Amino acid sequence: MSVNQHTFKAVQELDRMTVGQLRERYLDLFGEETKSHNKAYLRKRIAWRIQFLVEGGLTERAKARAAELARNSELRVRQKRDPYKWGSAELRSRSVKGSLGAKHDPRTPPPGVILHREFKGQDVIVTVVDDGFEYEGRTYKSLSAIATEVAGTRWNGYTFFGLGSTSSKRKEATA
Numbered sequence: 001m002s003v004n005q006h007t008f009k010a011v012q013e014l015d016r017m018t019v020g021q022l023r024e025r026y027l028d029l030f031g032e033e034t035k036s037h038n039k040a041y042l043r044k045r046i047a048w049r050i051q052f053l054v055e056g057g058l059t060e061r062a063k064a065r066a067a068e069l070a071r072n073s074e075l076r077v078r079q080k081r082d083p084y085k086w087g088s089a090e091l092r093s094r095s096v097k098g099s100l101g102a103k104h105d106p107r108t109p110p111p112g113v114i115l116h117r118e119f120k121g122q123d124v125i126v127t128v129v130d131d132g133f134e135y136e137g138r139t140y141k142s143l144s145a146i147a148t149e150v151a152g153t154r155w156n157g158y159t160f161f162g163l164g165s166t167s168s169k170r171k172e173a174t175a
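1 is the number of the first residue of the sequence shown in the UniProt record's numbering; add one for each residue after it.
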């Protein structure tokens, strides 16, 4: 399949554009602004989009093959860090009584919250309790112990469950 002359010229024009012009072109083609200021990245993305719009996307056969490969692969997916979506709506609506104590880690949700993570097709459901974390009927002192047991390799528990870090929370609090 040959690239038509109009598409070829449009892609060549990208080499002469400034980053500002590329960002404007990106907005025109994708309908949203980009955070990137990397000229090479913007050229590649815009060139792909131009070719996609002129020549179409992947064939149905290629899409089916990609979906098949995705189903059979074990991908590591990071959850979004959103502390306001912990557990179920019912648990979030209830208030928690009691004190968290002076040594409470601000990344740890209050007791009663259920943390959920899917890891390699397995649902990992952990309940925050007063003296640690409960997973499959056992109480653990740390989320890292649970994450390491589930993954089979060493993990930071807060990272594994997408709970963030104290430094990012401090930055948000001071902003």
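Every residue gets a Cβ at the ideal spot worked out from N, C-alpha and C, and that includes glycine. What you are looking at is a predicted structure, and each value in this text was computed from that prediction instead of being measured.
For G164, the closest alpha carbon among the candidates K35, N4, T34, P109 is that of P109.
With fewer than 16 other CB atoms across the displayed protein chains lying within 10 angstroms of its CB, W48 is exposed. A distance below 7 Å between beta-carbons, with the five flanking residues on each side excluded, links D130 to the following residues of its chain, in chain order: P111. With respect to the 8 Å criterion, F133 and V126 are classified as neighbours on the basis of their beta carbons.
Taking E68 as the centre and dropping the five residues before and after it, the same chain places no C-beta closer than 7 Å to its C-beta. Residue environment: V54 is assigned as exposed (fewer than 16 neighbouring CB atoms within 10 Å of its CB, all protein chains considered). In this structure L42 touches S36 by the C-beta definition: roughly 6 Å separates them, less than 8 Å. In this structure K39 touches L22 by the C-beta definition: roughly 6 Å separates them, less than 8 Å. Its Cα nearest to that of E136, the residue H116 stands out among H116, Q12, T34.
Beta-bridge partners of R117 (DSSP): V124.
Rounded to whole angstroms, D123 and D105 show a C-alpha spacing of 25 Å.
Beta-carbon to beta-carbon, S144 and G162 are separated by about 14 Å, too far to satisfy the 8 Å threshold.
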